[in-house]
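First the structure, in the form of structure tokens, and then the observations on it.
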Amino acid sequence: MPVNICQQLNNANDLDKASYVSSLLSQMTLKEKIGQMSQFNNDDDNLERSIKMGNVGSVINEVNIDTINKLQSIATQESRLGIPLLIGRDVIHGFNVIFPIPLGQAAAWSTELVETCAKIAAIESSNNGINWTFAPMIDISRDPRWGRIAESLGEDPYLCSALGVAMVKGFQGKNLSDNTSIAACAKHFAGYGASESGRDYNTTNIPENELRNVYLPPFKAVADAGVSTFMASFSDLNGVPVTGNSWLLNDILRDEWSYNGLVVSDWESIPQLVTHGFCEDEKFAAFEACHAGIDMEMASKTYAVNLPLLIQESKISIKQIDTMVSRLLALKFDLGLFKNSFTDPNNREEHLNNAHLSIAKEAASKSCVLLKNNNQILPLCKTKISSMAVIGPLADDGYEQLGTWVFDANIDSSIACLQAIKNYVGDLVDVNYAKGLNTSRSNNQEGFKEATKIALTADVAVMIVGEEAILSGEAHCRSSINLPGCQEQLIDAIYKTGTPIVLVIMAGRPITLEKVLPNVDAVLFAWHPGTMGGPAITELLFGEACPSGKLPVTFPRNVGQIPLYYGQKNTGRPASDATFVDINSIEVRAPQTSLGMTSTHLDTHFSPLFPFGFGLSYTQFEYTNINVNMHSVSMGESVEISATLCNIGKIDAEEIVQLYIRDLVGSVTRPVKELKGFQRIYLSAGQSKNVVFNVHTDELAFYNRQMKLNTEPGLFNAWIGSNSATELKVGFGVILASE
Ligand code: GLC
Numbered sequence: 023m024p025v026n027i028c029q030q031l032n033n034a035n036d037l038d039k040a041s042y043v044s045s046l047l048s049q050m051t052l053k054e055k056i057g058q059m060s061q062f063n064n065d066d067d068n069l070e071r072s073i074k075m076g077n078v079g080s081v082i083n084e085v086n087i088d089t090i091n092k093l094q095s096i097a098t099q100e101s102r103l104g105i106p107l108l109i110g111r112d113v114i115h116g117f118n119v120i121f122p123i124p125l126g127q128a129a130a131w132s133t134e135l136v137e138t139c140a141k142i143a144a145i146e147s148s149n150n151g152i153n154w155t156f157a158p159m160i161d162i163s164r165d166p167r168w169g170r171i172a173e174s175l176g177e178d179p180y181l182c183s184a185l186g187v188a189m190v191k192g193f194q195g196k197n198l199s200d201n202t203s204i205a206a207c208a209k210h211f212a213g214y215g216a217s218e219s220g221r222d223y224n225t226t227n228i229p230e231n232e233l234r235n236v237y238l239p240p241f242k243a244v245a246d247a248g249v250s251t252f253m254a255s256f257s258d259l260n261g262v263p264v265t266g267n268s269w270l271l272n273d274i275l276r277d278e279w280s281y282n283g284l285v286v287s288d289w290e291s292i293p294q295l296v297t298h299g300f301c302e303d304e305k306f307a308a309f310e311a312c313h314a315g316i317d318m319e320m321a322s323k324t325y326a327v328n329l330p331l332l333i334q335e336s337k338i339s340i341k342q343i344d345t346m347v348s349r350l351l352a353l354k355f356d357l358g359l360f361k362n363s364f365t366d367p368n369n370r371e372e373h374l375n376n377a378h379l380s381i382a383k384e385a386a387s388k389s390c391v392l393l394k395n396n397n398q399i400l401p402l403c404k405t406k407i408s409s410m411a412v413i414g415p416l417a418d419d420g421y422e423q424l425g426t427w428v429f430d431a432n433i434d435s436s437i438a439c440l441q442a443i444k445n446y447v448g449d450l451v452d453v454n455y456a457k458g459l460n461t462s463r464s465n466n467q468e469g470f471k472e473a474t475k476i477a478l479t480a481d482v483a484v485m486i487v488g489e490e491a492i493l494s495g496e497a498h499c500r501s502s503i504n505l506p507g508c509q510e511q512l513i514d515a516i517y518k519t520g521t522p523i524v525l526v527i528m529a530g531r532p533i534t535l536e537k538v539l540p541n542v543d544a545v546l547f548a549w550h551p552g553t554m555g556g557p558a559i560t561e562l563l564f565g566e567a568c569p570s571g572k573l574p575v576t577f578p579r580n581v582g583q584i585p586l587y588y589g590q591k592n593t594g595r596p597a598s599d600a601t602f603v604d605i606n607s608i609e610v611r612a613p614q615t616s617l618g619m620t621s622t623h624l625d626t627h628f629s630p631l632f633p634f635g636f637g638l639s640y641t642q643f644e645y646t647n648i649n650v651n652m653h654s655v656s657m658g659e660s661v662e663i664s665a666t667l668c669n670i671g672k673i674d675a676e677e678i679v680q681l682y683i684r685d686l687v688g689s690v691t692r693p694v695k696e697l698k699g700f701q702r703i704y705l706s707a708g709q710s711k712n713v714v715f716n717v718h719t720d721e722l723a724f725y726n727r728q729m730k731l732n733t734e735p736g737l738f739n740a741w742i743g744s745n746s747a748t749e750l751k752v753g754f755g756v757i758l759a760s761e
């Protein structure tokens, strides 16, 4: 075989990235350049031949290491150029070891933990030949009907930005060319979470000011943090589908943000421009996508088919193509693929090793949120109960607890609650199990009899319910977010036995719990907790660990309240308890204007069932003495906001202390609260600590009517507390430096 172009370049003295890319580009034919812009699915009939012909820049969904090595060998040894492949896979919350779904990881409010989970996912997947993941998904999600809220990091731009950056750091490591680093991908740029009615792929209408102040900040944060790639969203954004949206992909991403990484389409989202009714045919779709700046096409072939003609017709220039292909080659250079694209099948750090599993258990433990704990029924004590009933369709199912996007999970290593509870209590407690329902969606109540029977003789019933994995994730949206099937009826049946109920909920979204809440003594919300969900939940139930998770998303009372999020605007007629009128208290023939006349529903209180940031502990924390170090802060300076936190309970525990700010008057209306800081603080029983946050006036900036990012002088309120409903408040003002 003659030495190919890349081998010649590799043999030359150590070229830097720019020289390497430009030298390679200068020797590529147009067909080969366009070939780099295509990502083939691994099941493509002509994959190997296409690679050999130089028509493939990336392969998605291949995870067999020997196959990957073979494909890389064809690309680097048998093609004219010898350009290695990007090997892409959705490594969303783990590879073989599965961590909690991203929404669950977000409930841990820990950048360190999120980074570590991503790092382990990168180790396991890169050992398998993967060098590109399509994560983090940083779509702000405020509609729990949307299945993809499970993949998100929640409703808040500040928390989503911090955790999204941590995930990128975990995946990409300190150097992208390290063997265990993989390229991350910020998705889905942008505004996908605003899909109307929570239906996936649906239309999004987002005013530019809202887009810039809410949906774009996490993407800007990861762009600034060096995320290697972006993925365009499927969605129609204000009438212009993102895949063909030059304003978003060029004016903002390239020009305003100076981002020069690779942008990949979503799965067949380029030909879908025709389906949107945005382009009359695939040739025009290829033009719009290329013009907008989609560097690589995922799964479909509109580029391969149409770009040559578009270039011949001078509708797309060679210069544009060279700019786009340069980004692809630069990423491959950064990943070190030109030097080595082979993955040693023997040099695999033992997957599923105890260290990885231990992190998975810690992540599951810290992501669980204690929503209710009446009379401190939790933690249970294995020496004080003699029998317990474990009931529910998700109690003994290591698969369902993994959640969505777990293509490569090692299911056998996933430990469900029932096994973990039995392992923990041993012979001390008589554990009886009844599934109650065949699946979480089942409406067949035949299993109720057995379930009630074991509950009647138990000291406590631990019920593990929620959503099977398939009910969350992409395209799995629900118009009701109650517990599916007749799980509510099962809980009611167990309630009627009089045995106390500890409810564990596994789900990929907030669940509306108003009906079941009064009938249970405790609720532990576990999301889909991943491989070590069983052991983590067991340790929390029995007090070996203390719940510390806080909600990264608001829990509504019912689906009719959606969208409901803490960072809402005040409106001109804000709801209040003083003006709230319950539907049952309205007099017959009440005069038209006699009711509250404020922004609320008649049939539901305006507050959430559980607010953003909410989560109980086995101890109690008290917040006092909030303070600012100056009441007038000059523009360009920082203000110190502090409060005293005291663990007034009997158990050592961690608390996630949250700082919220409100800009009381803005040239555009501002949210009634915005998260601007959080700290995970460990306090032993009785210990107290002065918790301090520093906020620079730049952190108070927002996009104004002129779409300029700017901090405006004026009055602000600050809160420090355990969730977004905290009332411990202090005021301060921002003044222009000259004042
Ligand atoms: C899917 C998803 C995207 C994913 C891609 C590859 O349709 O929208 O998040 O990364 O296709 O699987």
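Numbering-wise (this note's numbering), the sequence shown opens with residue 23 and increments by one.
Ideal Cβ positions, reconstructed from N, Cα and C, are used throughout, including at glycine.
Residues of its chain near residue i, where Cβ-Cβ distance is below 7 Å and the 5 sequence neighbours each way are ignored
| i | result |
| --- | --- |
| P401 | L563, F564, G565, Y640 |
| A707 | T641, N669, G671, K672, I673, D674 |
| Q709 | N669 |
| A130 | A385, K388, S389, G571 |
Residue i to residue j span [Cα, whole Å]
| i | j | result |
| --- | --- | --- |
| D277 | L284 | 14 Å |
| V714 | L535 | 35 Å |
| C568 | E676 | 8 Å |
| V679 | I742 | 7 Å |
| A208 | F724 | 22 Å |
| L624 | Q583 | 11 Å |
| V487 | Q509 | 7 Å |
| V453 | A477 | 11 Å |
| T138 | E146 | 12 Å |
| Q29 | S60 | 22 Å |
| F628 | I683 | 21 Å |
| S44 | K572 | 49 Å |
| A558 | I333 | 57 Å |
| K39 | M528 | 47 Å |
| G552 | Y588 | 28 Å |
| A417 | A438 | 6 Å |
Whether residue i touches residue j by CB criterion (9 Å)
| i | j | result |
| --- | --- | --- |
| V236 | P166 | no |
| E422 | S462 | yes |
| F117 | N150 | yes |
| Q58 | I105 | yes |
| R164 | L586 | yes |
| G736 | V661 | no |
| M159 | S174 | yes |
| P786 | A386 | Residue 786 lies beyond the range of the chain shown here (23 to 761); nothing can be said about it. |
| V18 | D317 | Look at the range of the chain in this structure, 23 to 761, and you will see that residue 18 is not part of it. |
| L103 | V81 | no |
| L198 | D356 | yes |
| I513 | I523 | yes |
| G618 | H115 | no |
| N376 | D543 | no |
| S268 | G195 | no |
| G414 | V526 | yes |
| F211 | L270 | yes |
Which residues DSSP lists as bridging residue i, in chain order
| i | result |
| --- | --- |
| F577 | F632 |
| L686 | In DSSP, L686 forms no bridge with anything. |
| N369 | None; N369 has no bridge partner. |
| S163 | Paired residue(s): none; S163 is not in a bridge. |
| A668 | For clarity, residue 668 is Cys in the given sequence; the question names Ala instead. Beta-bridge pairing links C668 to E644, S710. |
| Y545 | The sequence as given places Val at residue 545; Tyr does not occur at that position. Answer by DSSP bridge pairing, in chain order: K394, L525. |
| Q511 | For Q511, which the question treats as bridged, DSSP gives no partner whatsoever. |
| E496 | According to DSSP, E496 bridges with nothing at all. |
| I742 | L681 |
| C207 | T251 |
| Y214 | Answer by DSSP bridge pairing: none, since Y214 is not bridged. |
Other residues of its chain near residue i: CB distance less than 8 Å, five sequence neighbours each side excluded
| i | result |
| --- | --- |
| K751 | I648, N739, A740, W741 |
Neighbourhood of residue i by C-beta distance below 6 Å, restricted to the same chain and skipping five residues each side
| i | result |
| --- | --- |
| G327 | For the sequence presented, residue 327 should be read as Val rather than Gly. Closer than 6 Å at Cβ, skipping near neighbours: no residue. |
| F256 | Y223, D288, S291 |
| N745 | P633, G635, F636 |
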